[in-house]
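**Q** Under full-length UniProt numbering, the residue at position 251 of the sequence shown is numbered 251, and the numbers go up by one with no gaps. Positions of the beta carbon are idealized from the N, C-alpha and C atoms, including for glycine. This structure is a prediction, so every number in the text was calculated from the model and none was measured.
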Amino acid sequence: MTLAINARFLTQKMSGVQRFSRETVTALAQSGRPIRLLAPRDAPASFAGLPVERIGRRAGQSWEQFDLPGALSGQHLLNLGNTAPLRVGAAQTLVIHDAGVFDTPESYSFAFRAWYRALHWTLPRRGARIVTVSEFSRGRLSLHLGLPTARMGVVMEGGEHALRDAAEPEVLARHGLTPGRFVLAVGTRAAHKNLDALRDAVALLAARGMKLAVAGAADAGVFRNAGDVDSAVALGRVSDGELRALYEAALCLVFPSRYEGFGLPPLEAMWCGCPVLAAAAGAVPEVCGEAALYFDAEGPRTPAAALTRLLEEPLLAERLRMAGRGRAAAFSWPAAADRLLALMEAPLVDRR
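#1: Please go through the segment 72 to 99 and give each complete beta strand (DSSP E) segment of 3 or more residues, from N-terminal end onward.
#2: Do residue 155 and residue 283 have their beta-carbon atoms positioned less than 7 Å apart in this structure?
#3: Using a 10 Å radius around the Cβ and a threshold of 16 neighbouring Cβ atoms, would you call residue 110 buried or exposed?
#4: Report all residues from its chain with a CB closer than 8 Å to the CB of residue 326; omit the five preceding and five following residues, and keep chain order.
#5: Kindly indicate which residue of 166, 157 and 209 has the alpha-carbon position closest to the one of residue 97.
#6: Would you mind reading off the limits of the alpha helix (DSSP H) that contains residue 156?
#7: Exposed or buried, which one is residue 61 when buried takes at least 16 other CB atoms within 10 Å?
#8: Please return the same chain residues whose Cβ sits closer than 8 Å to the Cβ of residue 122, not counting the five positions on each side in sequence.
#9: When burial is assigned at 16 or more other CB atoms within 10 Å of the CB, is residue 46 buried or exposed?
#10: Quick one: residues in its chain with C-beta nearer than 6 Å to the C-beta of residue 227, no 5 flanking neighbours on either side, listed in chain order?
#11: Can you give me the Cβ contacts of residue 166 inside the same chain, cut-off strictly under 7 Å, excluding the 5 residues immediately before and after it?
#12: Runs of 3 residues minimum, wholly inside the segment 189 to 224: which ones carry the beta strand (DSSP E) assignment?
#13: Pick helix, strand or coil for residue 53, following the three-state DSSP scheme.
#14: Using the three-state DSSP reduction, which class does residue 277 fall into: helix, strand or coil?
#15: DSSP on residue 254, reduced to helix/strand/coil?
#16: Using three-state DSSP, classify residue 294 as helix, strand or coil.
#17: Between residue 196 and residue 268, what straight-line distance do the alpha-carbon atoms span, to the nearest angstrom?
#18: Taking contact to mean at least 3 C-beta pairs separated by less than 8 Å, is the segment 178 to 190 in contact with the segment 245 to 260?
#19: Look up residue 262 in the DSSP assignment and say whether it is helix, strand or coil.
#20: Spell out the partners DSSP gives residue 21 in its beta bridges.
#21: Rank 140, 15, 1 and 57 by C-alpha distance to the C-alpha of residue 78 and give the top, closest one.
#22: Since I believe residue 263 is in contact with residue 237 (beta carbons under 8 Å), could you give me their beta-carbon distance rounded to a whole number of angstroms?
#23: Would you check if the distance between the CB atom of residue 50 and the CB atom of residue 29 is smaller than 7 Å?
#24: Measure the alpha-carbon distance for residue 103 versus residue 9 and round it to whole angstroms.
#25: May I ask which residues mark the beginning and end of the beta strand (DSSP E) holding residue 36?
#26: In the DSSP output, which residue or residues are listed as bridge partners for residue 46?
#27: Just confirm the distance between the C-beta atoms of residue 213 and residue 175, as a whole number of angstroms; I'd bet it's less than 8 Å.
#28: Less than 7 Å between the C-beta atoms of residue 324 and residue 287, yes or no?
#29: Looking only at DSSP bridge pairs, what is residue 132 linked to?
#30: Return the bridge partner residues of residue 28 from the DSSP annotation.
#31: Could you tell me if residue 180 is buried or exposed, where buried requires 16 or more neighbouring beta carbons within 10 angstroms of its beta carbon?
#32: Label residue 318 either buried or exposed according to how many other C-beta atoms from any shown protein chain fall within 10 Å of its C-beta, with 16 as the threshold for buried.
#33: Note down the Cα distance separating residue 247 from residue 74, rounded to an integer number of angstroms.
#34: If we ignore side chains and look at the alpha-carbon of each, how far apart do residue 315 and residue 322 end up?
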């Protein structure tokens, strides 16, 4: 049976949610299953070798709520990016990536979190099938939405896309970075990304003639800006090839986020052979297992202390690099797509 996919993500800037959507659709397309990609009129004409049906006259949430439902012809609708049309009711699956609008409201604008809370509460009560990306997220969504955990499936993400594009090492020279002499952080300036926790780490690195480089840009329409880290090298939004070069040249990835529904940057780093230092928070321990060196998001085990260990224990970086590659191999996009299809076809538990 043909599967209709809400392809509004093709009109959005790349973030972890859009990455999940793009890679999942690419894997589904390669499976040979009949697919319709439905998108607003400003979307590209094709994606992943499939034609894109550009429908309606609206954009954004209005397109999703009012134009998208009328284009369905009895197909089940797959929504990969946190939102879905209310009118479609039970004939759809929605991937909700985390419960951040409930757990970390300070990170989001009022309008954004109010709309997402309303959608996430209402859609399962209209029969929509709910999927998320980690056991951590399933537990948090169960708590806030009042749904049994058995009512939601889990699809872990992949990370092999990090090696798809050739590395673009020019990004290093452009920002004055020397291989092995900088630490990389990846994330927006949203409050829950906790970049402020790296201030002591910046001082530690500076004392050793090293730098902290921060990749990522915030969407002001979604996230509240928590500010920048003084003396860090702000890289802004980078291409996939540039990010690969940064992972491969960095001493390590430091990931201080205190809330993650999955945690894609640590997985990407492990695929690229970059040692991972991360806060033991959210879904990150679920993703990284024993392949990361952990510190506290807020507590006595600081990022600076973890960095000191990495700098002073000669074999630690190589041990983390090898463990990371082994751990990363367990996560792939074809496996995620297969799991998603299996969940969509399974009987729905407790359709409250």
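**A** Reading from the atomic positions:
#1: DSSP runs (the beta strand (DSSP E)) wholly in the segment 72 to 99: 76 to 79 and 92 to 95.
#2: Locating residue 283 in the sequence shown gives position 283, where the first residue counts as 1. Locating residue 155 in the sequence shown gives position 155, where the first residue counts as 1. No, the pair does not count as a contact, with Cβ atoms beyond the cut-off.
#3: For the purposes of this step, residue 110 is taken as the residue at position 110 of the sequence shown. The residue is exposed, with fewer than 16 neighbouring Cβ atoms inside 10 Å.
#4: By one-based count along the sequence shown, residue 326 stands at place 326. Excluding residues within five positions, the ones whose Cβ falls inside 8 Å are 291.
#5: What you label residue 97 is simply residue 97 of the sequence shown in a count that begins at 1. Comparing Cα positions, the closest option is 157.
#6: Reading the sequence shown from its first residue, position 156 is the one you call residue 156. Per DSSP, residue 156 belongs to no alpha helix (DSSP H) and is neither H nor E.
#7: By 1-based counting over the sequence shown, the position of residue 61 is 61. By the neighbour-count rule (16 or more Cβ atoms within 10 Å), residue 61 is not buried but exposed.
#8: To locate residue 122, count along the sequence shown from 1; it is residue 122. If we look at residue 122 and ignore the five residues flanking it on each side, its Cβ neighbours are 86.
#9: In the sequence shown, the residue the question calls residue 46 occupies position 46. So residue 46 ends up on the exposed side.
#10: Mapped onto the sequence shown, residue 227 falls at position 227. Note that residue 227 scores 44 on pLDDT, short of 50, meaning its location in the model is unreliable and no value can be drawn from it.
#11: Numbered from its first residue, the sequence shown carries residue 166 at position 166. So the qualifying residues of the chain are 241.
#12: 211 to 215
#13: Walking along the sequence shown from the start, residue 53 turns up at place 53. Looking at residue 53 - three-state DSSP - the assignment turns out to be strand.
#14: Here residue 277 is taken as the residue at index 277 of the sequence shown, counted from 1. The answer is strand: DSSP assigns residue 277 an E or B state.
#15: As a first step, residue 254 must be located in the sequence shown, where it is residue number 254. Residue 254 falls in the strand class under three-state DSSP.
#16: Position 294 of the sequence shown holds residue 294. Correct three-state label for residue 294: strand.
#17: The residue given as residue 196 occupies position 196 in the sequence shown. The residue given as residue 268 occupies position 268 in the sequence shown. Near 22 Å, if we compare the C-alpha coordinates of residue 268 and residue 196.
#18: yes
#19: Start at 1 with the first residue of the sequence shown, and residue 262 comes out as number 262. Residue 262: coil per DSSP, three-state reduction.
#20: Within the sequence shown, residue 21 is the residue found at index 21, counting from 1. None; residue 21 has no bridge partner.
#21: Looking up residue 78 in the sequence shown gives position 78. Out of 140, 15, 1 and 57, 1 has the C-alpha closest to the C-alpha of residue 78.
#22: By one-based count along the sequence shown, residue 237 stands at place 237. By one-based count along the sequence shown, residue 263 stands at place 263. Going by Cβ atoms, the distance from residue 237 to residue 263 rounds to 19 Å, so no, they are not a contact pair.
#23: For the purposes of this step, residue 50 is taken as the residue at position 50 of the sequence shown. For the purposes of this step, residue 29 is taken as the residue at position 29 of the sequence shown. Against a cut-off of 7 Å, the Cβ pair of residue 29 and residue 50 comes out as a contact.
#24: Mapped onto the sequence shown, residue 103 falls at position 103. Mapped onto the sequence shown, residue 9 falls at position 9. Taking the straight line from one Cα to the other gives about 24 Å.
#25: Residue 36 sits at position 36 when you count from the first residue of the sequence shown. Here the beta strand (DSSP E) through residue 36 covers 35 to 39.
#26: Taking the sequence shown and counting its residues from 1, one reaches residue 46 at position 46. For residue 46, the beta-bridge partners assigned by DSSP are 51.
#27: In the sequence shown, residue 213 corresponds to position 213, counting from 1. In the sequence shown, residue 175 corresponds to position 175, counting from 1. Residue 213 to residue 175, Cβ: 7 Å. Contact.
#28: Looking up residue 324 in the sequence shown gives position 324. Looking up residue 287 in the sequence shown gives position 287. In this structure, residue 287 does not lie closer than 7 Å to residue 324 by Cβ.
#29: Numbered from its first residue, the sequence shown carries residue 132 at position 132. Answer by DSSP bridge pairing, in chain order: 154.
#30: If you number the sequence shown from 1, residue 28 lands on position 28. For residue 28, which the question treats as bridged, DSSP gives no partner whatsoever.
#31: As a working note, residue 180 is residue 180 in the sequence shown. With fewer than 16 other Cβ atoms inside 10 Å of its own Cβ, residue 180 counts as exposed.
#32: Residue mapping note: residue 318 aligns to position 318 of the sequence shown, counting from 1. Under this definition residue 318 is an exposed residue.
#33: Indexing the sequence shown from 1 puts residue 247 at position 247. Indexing the sequence shown from 1 puts residue 74 at position 74. Going from the Cα of residue 247 to the Cα of residue 74 covers about 44 Å.
#34: Position 315 of the sequence shown, counted from the first residue, corresponds to residue 315. Position 322 of the sequence shown, counted from the first residue, corresponds to residue 322. Going by the C-alpha atoms only, they are around 11 Å apart.
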